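Student: Residue 132 is where the sequence shown starts when you use the numbering used here, and the numbers rise one by one after that.
Ideal placement from N, C-alpha and C gives every residue a C-beta, glycine not left out.
As the structure is a prediction and not an experimental result, all values here were calculated from the model.
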Amino acid sequence: MTKKTGAMFNILGTSNFWIDTELKQQTQLAYKEGETFEPVTVIDERYRL
């Protein structure tokens, strides 16, 4: 990265890093079938003061 770097990640790649391959397959199948998952809110408090 440099001072002129517009973004850390390419917006076309959506910056999704799949670790769980089984969950990835479930998500892709649900997307193809038009299904949705319940929303999940994750609050990272590791660096909270």
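1. Going by alpha carbons, who is nearest to T167 out of G137, Q157, R179 and M139?
2. For Y162, report the span of its alpha helix (DSSP H) as first-last.
3. Do you know offhand how far D175's Cα is from G137's?
Tutor: To lay it out plainly:
1. Q157
2. T152 to E164
3. 25 Å
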